[in-house]
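Undergrad: Per our numbering, the very first residue in the sequence shown carries number 11; after that it's consecutive.
The beta carbon of each residue, even a glycine, is placed where N, CA and C say it ideally should be.
For clarity, every value in this text was computed on a predicted model and none was experimentally measured.
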Amino acid sequence: MKKIVILGGGGFIGGHLGKRLKKEGHHIRICDIKKHEYFDHSEICDEFIVGDLTDPSVVKLVLEEDTDEVYQLAADMGGALYIFTGEHDADVMHNSAMINLNVARECTIKNVKKVFYSSSACMYPEHNQLDSNNPNCEESSAYPANPDSEYGWEKLFSERLYLAYNRNYKLNVRVARFHNIFGPQGTWKGGKEKSPAAMCRKVAEVNNNEEIEVWGNGMQTRSFLYIDECIEAVLRLMESDFSEPVNIGSEEMVSINELAQMAIDISNKKIKIKNLEGQEFFDKYGFKCPLGVKGRNSHNKLYYEKIGWKVSQPLRVGMEKTYQWIAEQVAISTTNSVSNVFG
Ligand code: NAD
11 MKKIVILGGG GFIGGHLGKR LKKEGHHIRI CDIKKHEYFD HSEICDEFIV
61 GDLTDPSVVK LVLEEDTDEV YQLAADMGGA LYIFTGEHDA DVMHNSAMIN
111 LNVARECTIK NVKKVFYSSS ACMYPEHNQL DSNNPNCEES SAYPANPDSE
161 YGWEKLFSER LYLAYNRNYK LNVRVARFHN IFGPQGTWKG GKEKSPAAMC
211 RKVAEVNNNE EIEVWGNGMQ TRSFLYIDEC IEAVLRLMES DFSEPVNIGS
261 EEMVSINELA QMAIDISNKK IKIKNLEGQE FFDKYGFKCP LGVKGRNSHN
311 KLYYEKIGWK VSQPLRVGME KTYQWIAEQV AISTTNSVSN VFG
């Protein structure tokens with residue numbers, strides 16, 4: 011049995027990771043600034059500490075001398091609306107960098123045996139992601155750096171921070187660059203949700219013969235990795251001896267319109283896609299449409315070479331499970347708002 015700490019375990023990936031590791035019989039301590047919205051805590055951990063990891067005294071308290079593994083997933087993050095409008099840049103950079111500065115140092119002081127850091131595909135240079143059909147996200151393409159968001163710059167800084175602790179203090183680190191992880195028990199409304207969740211929610215909320223909005227022309231491309239495969243890839247990376255940054259994502263690239271159509275097909279409803287762009291978007295929402303880079307796809311050659319494992323599940327399979335869960339959430343929230351109105 012390992013003694014494991016999951017920072018940010020009140021979030022989407024951390025909750026699923028806690029569930030898997032607890033099932034395997036390890037002792038799990040979670041620290042997050044908030045409780046998990048969808049998992050019962052007994053399902054994902056043995057101890058849940060509510061605390062702010064930007065505060066060094068909290069990090070000191072949470073990390074103990076005999077900790078085997080730390081998974082650092084805590085970050086001030088969100089979907090396109092949160093990250094790409096520019097309105098949260100200072101908070102995103104300050105909060106996430108503070109967490110990582112505290113965690114890297116404290117893990118070193120406490121001699122933590124192994125530390126996992128969750129970076130993001132958002133750290134790849136914008137100039138390699140201008141062609142939606144041919145984005146380059148090979149690990150070696152990271153430099154010269156030019157991420158398109160401050161969120162991406164912070165991820166790049168923190169990758170370097172953990173690698174520097176590895177070189178100077180022998181901190182045993184694993185660094186993964188996640189590419190759009192999705193699935194049930196994740197944020198599905200409110201502006202911080204990712205596109206698979208947003209598409210499932212929009213489709214679940216409308217009736218037959220209505221339409222859903224897709225921001226932009228829908229031709230931007232992305233790949234999406236289902237949560238169970240992400241967790242498998244993280245655990246295999248942790249077991250390996252590879253300490254350089256490596257992609258964890260799917261190579262099944264789709265356009266956002268294709269993703270929306272997949273959610274529609276799964277629902278069995280007849281729904282039209284309305285692409286909302288330019289002035290029309292601005293008139294409706296009062297800000298420029300936040301799109302991110304034109305194309306992004308995971309490049310998994312290095313992961314396969316070093317770890318020897320491949321993602322196998324098609325996007326559609328994960329989307330079916332996610333749609334089912336989000337449709338249930340939509341139904342629950344509709345029932346709740348109806349019962350609020352009537353008494
Ligand atoms: P999430 O937002 O669900 O989880 C992050 C958690 O960090 C949240 O529960 C949040 O409350 C917590 N947190 C934020 N600030 C904190 C603080 N000051 N103190 C304590 N806890 C704090 O996100 P997620 O999707 O589970 O992502 C986990 C990690 O993976 C993040 O670092 C994220 O940047 C990275 N990542 C995720 C994706 C993805 O597609 N989900 C893609 C790339 C990178």
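If you drop the 5 nearest sequence neighbours on each side, which residues of the same chain put their C-beta closer than 7 Å to that of P194?
TA: The residues are K331, T332, W335.
Undergrad: Is the beta carbon of K280 closer than 8 Å to that of E221?
TA: Not a contact, by the Cβ cut-off of 8 Å.
Undergrad: Using DSSP bridges, identify the partner residues of D158.
TA: In the DSSP output, where bridge partners are listed per residue, D158 has none listed.
Undergrad: Do K70 and ligand 2 come close, with the Cβ less than 7 Å from some heavy atom?
TA: Ligands present in the displayed structure are limited to ligand 1, and ligand 2 is not among them.
Undergrad: Taking the alpha-carbon positions, what's the N257 to S308 distance?
TA: Cα to Cα, the separation comes out at about 7 Å.
Undergrad: Under 8 Å between the Cβ atoms of L171 and A84?
TA: No, they are not a contact pair.
Undergrad: Please classify H37: does DSSP put it in a helix, a strand, or coil?
TA: Of the three classes helix, strand and coil, the one that applies to H37 here is strand, per DSSP.
Undergrad: Hey, could you find the ends of the alpha helix (DSSP H) A243 is sitting in?
TA: Run containing A243: 237-249, per the alpha helix (DSSP H) assignment.
Undergrad: With a 10 Å radius around its C-beta and 16 neighbouring C-beta atoms as the bar for buried, classify F352 as buried or exposed.
TA: Confidence at F352 is low in this model, with a pLDDT of 48, below 50, so the placement of that residue is unreliable and no value is reported for it.
Undergrad: To the nearest angstrom, how far is the alpha carbon of V340 from that of N121?
TA: Computed Cα separation, rounded: 45 Å.
Undergrad: For the structure I just gave you, are there three or more beta carbon pairs, one from the segment 156-168 and one from the segment 91-107, closer than 8 Å?
TA: The segment 156-168, when compared against the segment 91-107, does touch it at the 8 Å Cβ threshold.
Undergrad: When we look at the beta-carbon of D251 and count the other beta-carbons within 10 Å, is it buried (16 or more) or exposed?
TA: Classification for D251: exposed.
Undergrad: Please identify the residue among P66, G19, D65 whose C-alpha is closest to the C-alpha of F49.
TA: Ranking P66, G19, D65 by Cα distance to F49 puts G19 first.
Undergrad: Can you give me the Cβ contacts of N138 inside the same chain, cut-off strictly under 8 Å, excluding the 5 residues immediately before and after it?
TA: P145, N146, C147, S151.
Undergrad: Which full runs of the beta strand (DSSP E) of 3+ residues lie inside the segment 302-347, going along the chain?
TA: Entirely contained in the segment 302-347, not one beta strand (DSSP E) run reaches 3 residues.
Undergrad: Pick helix, strand or coil for W198, following the three-state DSSP scheme.
TA: Three-state DSSP puts W198 in coil, outside helix and strand.
Undergrad: For E242, which residues in the same chain have their Cβ closer than 8 Å to its Cβ, ignoring the five residues on either side in sequence?
TA: These residues qualify, in order along the chain: W319.
Undergrad: Expressed to the nearest angstrom, what Euclidean distance is found between the alpha-carbon atoms of E116 and I59?
TA: The alpha-carbon atoms of E116 and I59 are separated by roughly 17 Å.
Undergrad: Please classify Q230 as buried or exposed, where buried requires at least 16 neighbouring CB atoms within 10 angstroms.
TA: Counting Cβ neighbours within 10 Å, Q230 comes out buried, since at least 16 surround it.
Undergrad: Whole angstroms are fine: how far does the CA of K304 sit from the CA of Y134?
TA: For Y134 and K304, the distance between alpha carbons rounds to 13 Å.
Undergrad: Compute the beta-carbon to beta-carbon distance between E268 and S233, rounded to the nearest angstrom, for a pair I have assumed lies under 8 Å.
TA: Contact doesn't hold; Cβ gap of about 11 Å is too wide.
Undergrad: Any heavy atom of ligand 1 closer than 7 Å to the beta-carbon of C41?
TA: Indeed, a heavy atom of ligand 1 lies less than 7 Å from the Cβ.
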